[in-house]
Amino acid sequence: MEMEYFYRLYEQLERCAPSSDEETLKALKSLPQLPKQPRVLDIGCGNGAQTLALAGQLGGEIVAIDNYQPFIDRLAAEAKSRLLKADIFPQCVSMFELPFAAQSFDLIWSEGAIYIIGFSEGLRQWKPLLKPGGYIVLTDMVWLQEDPPQEIADYWGENNPNMTDTKERLAQAEAAGYQLIDHFTLSPEAWTEGYYRPLRERIALMRQELAGNETAEKVFSMTEEEADMYDRFGEWYGYEFILLQKKA
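Per this note's numbering, the sequence shown starts with residue 31, numbered consecutively.
Right, dumping it as structure tokens:
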């Protein structure tokens with residue numbers, strides 16, 4: 031029942047995780063030697079802000095998947111309303127059951143979603159889908175400093191127990207058979223302005239609509255707690271953009 035309200039909360043938002051078009055395109059421009067008409071898979075696309083940003087720059091086609099149909103419907107409508115270089119094909123598909131042939135993509139993109147399947151497991155399962163020399167670009171939450179305060183360590187220990195630092199993530203990527211192209215940390219503005227400000231505004235509206243709904247209020251409170259944690263401890267953790275190439 032709680033998931034219903036989580037999904038409803040995010041349905042009208044541009045993003046389901048911290049990011050920005052500028053940082054998405056910074057990552058894209060860091061990739062060497064993409065084909066002129068690449069085939070791209072966006073895993074866990076949400077409402078598709080990054081999908082649309084990519085499609086504005088790339089030719090070819092982008093297959094964008096998420097397991098929540100309203101996200102897919104919104105992305106499809108947005109794609110039809112814009113002049114884009116790439117064709118977007120939104121599909122309601124679980125990342126746990128990807129129905130694609132081996133070596134069918136030049137690029138796999140995934141912002142804020144690989145934690146669902148697990149970092150190493152995602153890299154392992156997605157690797158066969160890449161053509162030789164293909165790329166994976168993703169964001170994952172990491173610790174930015176050692177020895178974080180106990181309160182935030184306990185919070186993410188409960189809510190994201192496999193969270194580690196960038197050094198460990200890069201080592202896991204190398205062990206999975208990838209070469210590092212680049213990595214960089216998302217800006218604080220990607221969290222505050224790109225994500226938490228519109229999220230808090232959405233909560234305020236839904237709280238009025240659903241006054242007295244205890245399940246919805248629990249979801250709102252949990253989400254506000256996460257945003258408050260970033261306000262207090264945001265210098266200790268962040269999202270890392272990680273750009274990888276499948277080794278030959």
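All C-beta atoms, glycine included, are put in the ideal place defined by N, C-alpha and C.
Contact belief for residue i with residue j at Cβ below 8 Å, rounded distance in angstroms
| i | j | result |
| --- | --- | --- |
| A311 | L274 | For the chain, the structure presents residues 31 to 278; residue 311 sits outside this window and is missing. |
| G163 | A278 | 6 Å |
| D136 | R69 | 5 Å |
| P178 | F263 | 7 Å |
| T245 | Y35 | 6 Å |
Option nearest residue i by Cα separation, candidates the options
| i | options | result |
| --- | --- | --- |
| K197 | M171, I233 and T222 | M171 |
| L174 | M193, P65 and P120 | M193 |
| R45 | P62, Q67, A83 and L61 | A83 |
| A132 | W156, L105, M125 and Y208 | W156 |
| Q99 | A85, S60, Y40 and D51 | Y40 |
| I211 | M236, K66, S134 and S60 | S60 |
| M33 | R112, E247 and D195 | E247 |
| A53 | L216, L153 and C122 | The sequence as given places Glu at residue 53; Ala does not occur at that position. The shortest Cα separation from E53 among L216, L153 and C122 belongs to L216. |
| Y165 | W221, Q67, K110 and P62 | P62 |
| D195 | E181, A220, E219 and T169 | T169 |
| E141 | Y267, A94, S134 and Q121 | A94 |
| D261 | I233, W221, F271 and A241 | W221 |
| Q42 | G187, A85, E181 and L105 | L105 |
| L153 | A201, G187, E176 and E181 | A201 |
| E176 | C122, D258, E265 and L128 | E265 |
| S134 | Q121, K161, C122 and A109 | K161 |
| L138 | C122, P129 and L159 | The question names Leu, but residue 138 in the sequence shown is Ile. The option with the nearest alpha carbon to I138 is L159. |
| V167 | F36, K276 and Y37 | K276 |
| K66 | A85, G78 and E108 | A85 |
| S150 | P218, H213, A203 and E219 | A203 |
| D51 | N243, A241, E219 and L240 | E219 |
Status (buried if at least 16 other CB within 10 Å, exposed otherwise) for residue i
| i | result |
| --- | --- |
| F250 | buried |
| T253 | buried |
| L113 | exposed |
| S124 | exposed |
| Q80 | buried |
| S111 | exposed |
| L235 | exposed |
| G268 | buried |
| E256 | exposed |
| D258 | exposed |
| E270 | buried |
| E108 | buried |
| D96 | buried |
| G78 | buried |
Closer than 6 Å: residue i CB and nearest the ligand PLP heavy atom
| i | result |
| --- | --- |
| E254 | By its list of ligands, the structure shown contains no ligand whatsoever, and the ligand PLP lies outside what it can speak to. |
Checklist line | Contact the region 140-149 vs the region 59-77: 3+ CB pairs below 8 Å | finding: With a cut-off of 8 Å, the region 59-77 and the region 140-149 count as touching, because enough Cβ pairs lie within range.
Next item on the list: Mind the definition here: the region 114-134 touches the region 77-97 only if three or more C-beta pairs lie below 8 Å; say whether that holds.
Entry: Touching, yes.
Check: Quick one: any contact between the region 201-208 and the region 227-244, if contact means 3 or more CB pairs under 8 Å?
Finding: Counting Cβ pairs under 8 Å, fewer than three are found: no touch.
Note to self: Just to confirm the assignment: which complete beta strand (DSSP E) runs, minimum length 3, are found wholly within the region 130-158?
What the structure shows: Listed in chain order, the beta strand (DSSP E) elements of length 3 or more contained wholly in the region 130-158 are 135-141.
Checklist line | Runs of beta strand (DSSP E) lying entirely within the region 162-227, each at least 3 residues, in chain order | finding: Every beta strand (DSSP E) of 3 residues or more that sits fully in the region 162-227 is shown, in chain order, as 208-215.
Notebook entry, point to check: What are the start and end residues of each continuous alpha helix (DSSP H) run of 4 or more residues lying completely inside the region 222-263, in chain order?
Noted result: DSSP runs (the alpha helix (DSSP H)) wholly in the region 222-263: 227-239 and 244-263.
Check: In the region 50-99, which residue ranges form an unbroken beta strand (DSSP E) of at least 3 residues, counting only runs that do not cross its ends?
Finding: Unbroken beta strand (DSSP E) runs of no fewer than 3 residues, entirely contained in the region 50-99, are found at 69-73 and 91-96, following chain order.
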